[in-house]
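*Asks:* Per the numbering used here, residue 15 is the first one in the sequence shown, and the count goes up by one each step.
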Amino acid sequence: FNNSILVVGAPGSGKTRAVSRVVRQVQDEWNAPNPPTSAAAPSSTHAPGARVGIVRLSGVEFSDERAAFREIARQLCESLDLEYVKSASLGDNIDFLLQILKALAQAGKAAVFVLEEFDLFAH
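#1: Are the CB atoms of valine 69 and valine 126 nearer to each other than 8 Å?
#2: For isoleucine 114, which residues in the same chain have their Cβ closer than 7 Å to its Cβ, ignoring the five residues on either side in sequence?
#3: DSSP three-state label for glutamate 43, please.
#4: Return helix, strand or coil for leucine 71, following the three-state DSSP convention.
#5: For phenylalanine 118, which three-state DSSP category applies?
#6: On the three-pair Cβ rule with 8 Å, is the stretch 74–85 touching the stretch 95–108?
#7: Within 10 Å of its beta-carbon, does alanine 87 have 16 or more other beta-carbons around it, so buried, or fewer, so exposed?
#8: Which residues share a DSSP beta bridge with glutamate 92?
#9: Applying the 10 Å Cβ sphere with the 16-neighbour rule, what's the burial state of phenylalanine 132?
#10: Does DSSP put phenylalanine 83 in a helix, a strand or coil?
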């Protein structure tokens, strides 16, 4: 099962604006203090942890893989209320990413990656 989306278009066509709007709606719905449960179930009285972690990367800022993986780890930790280890190595950050993606899937949670200027990541 693949739940990926690739948005491609000419510069200035509105890709960033459209994706930002969708990400904001996802955050509002899934990371709200009291997300909807069902019509029959009473609403929760406490704010659960975030259910969707958002990571935004630009190839202009993070064309180096070490910096990119460090930033992915930092943003995931920030959005999911996890402890970020600034001194982690590239290998540690890759291991963290693999572990957190598995844990998110098992917990019914998700991570959304928004990569701008993607072609710069490939150089």
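For every residue, glycine included, the Cβ atom is placed at its ideal position computed from N, Cα and C.
*Replies:* From the atom records:
#1: With contacts defined as CB atoms closer than 8 Å, valine 69 and valine 126 qualify as a contacting pair.
#2: The residues are Leu90.
#3: Helix, per DSSP.
#4: Here leucine 71 sits in strand by DSSP.
#5: The amino acid occupying residue 118 in the given sequence is leucine; phenylalanine does not appear at that position. Helix.
#6: Pairwise C-beta distances place the stretch 74–85 in contact with the stretch 95–108, as three or more of them are shorter than 8 Å.
#7: Classified as buried, alanine 87 has 16 or more neighbouring CB atoms from the shown chains inside 10 Å of its CB.
#8: Paired residue(s): none; glutamate 92 is not in a bridge.
#9: Classified as exposed, phenylalanine 132 has fewer than 16 neighbouring CB atoms from the shown chains inside 10 Å of its CB.
#10: In the structure shown, phenylalanine 83 sits in a helix (DSSP, three-state: H, G or I).
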